[in-house]
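Report on the following structure.
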Amino acid sequence: MIKNIKACIFDLDGTLVDSMWMWPDIDREYLGRFGIEYDDNLKNEIDGISFHETAVYFKNKFGISDSVEKICKDWEDMAYDKYKYEVKEKPGCKKFLEHLRSKGIRMGIATSNNRSMVDAVLESLNMKDFFEVITTSDEVKRGKPAPDVYLTTAKLLNVEPKNCLVFEDVVAGIISGKSAGMKVCAIEDDFTKEVRQKKKELSDYYIVDYSELI
1 MIKNIKACIF DLDGTLVDSM WMWPDIDREY LGRFGIEYDD NLKNEIDGIS FHETAVYFKN
61 KFGISDSVEK ICKDWEDMAY DKYKYEVKEK PGCKKFLEHL RSKGIRMGIA TSNNRSMVDA
121 VLESLNMKDF FEVITTSDEV KRGKPAPDVY LTTAKLLNVE PKNCLVFEDV VAGIISGKSA
181 GMKVCAIEDD FTKEVRQKKK ELSDYYIVDY SELI
């Protein structure tokens, strides 16, 4: 899989760390503050888009009077402690990162999450030093499924897209990596089990956990 690969670029949530479980609960609690009932289809509507784009979506869809910045800050306050104290790495992840480092393969992160939460969870899990570059979708023009965040990360790593391997857990992210001209390995995650077959069809490789690659 890593033949001719010079860099591996990882999504964060559901890919490097097991964190997707928390977001429906946060969305449900947040909407409840406004007397709005959570709909299970919501996760598919916001799949892959950036933190800021999601806040804009919520503001428009649900008619929330708070500013986009206030919505983002509220979510950050609700999620920060979970990222710092509760979120764990995906099975075999750190050992695989060590394996890549031993092979001289460069590593970056391309995530739709907020920078402060990325930093909190990577520092908590002692994973930050593996990554030369961290790019969030808020730092590029278009979030996933557009290729911008992956292309920007590859450029900062100084590696051609064709020599990059992306690791992703959601359909929008897989499309983003493929649109960037990169190989994509999809990873199993309970949050997206209902679209497992679509993930397999869209990606070049599929794994249940990272131990398969060591």
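With our numbering applied, the sequence shown corresponds to residues 1 to 214, in that order.
Just so you know, even glycine gets a beta-carbon here, dropped at the ideal spot from N, CA and C.
- Counting along the chain, isoleucine 134 sits inside the beta strand (DSSP E) bounded by residues 133–136.
- Secondary structure of phenylalanine 130 (DSSP, three-state): helix.
- Looking at the DSSP output, glutamate 89 sits in a beta bridge with Val17.
- The beta carbon of tyrosine 210 sits closer than 6 Å to those of Gly92, Cys93, Phe96, all from its chain and outside the five residues before and after it, given in chain order.
- Looking only at Ile46, Tyr30, Lys88, the smallest Cα-Cα distance to aspartate 66 is reached by Tyr30.
- Closest option to glycine 48, judged by alpha-carbon separation, among Arg28, Thr136, Lys70, Ile26: Thr136.
- Here glycine 108 carries a strand assignment [DSSP, helix/strand/coil].
- DSSP, read as helix, strand or coil, puts lysine 162 in helix.
- Annotation for asparagine 113: Leu12, Asp13, Phe51, Thr136 place their beta carbon closer than 7 Å to its own, counting only its chain and skipping 5 residues before and after.
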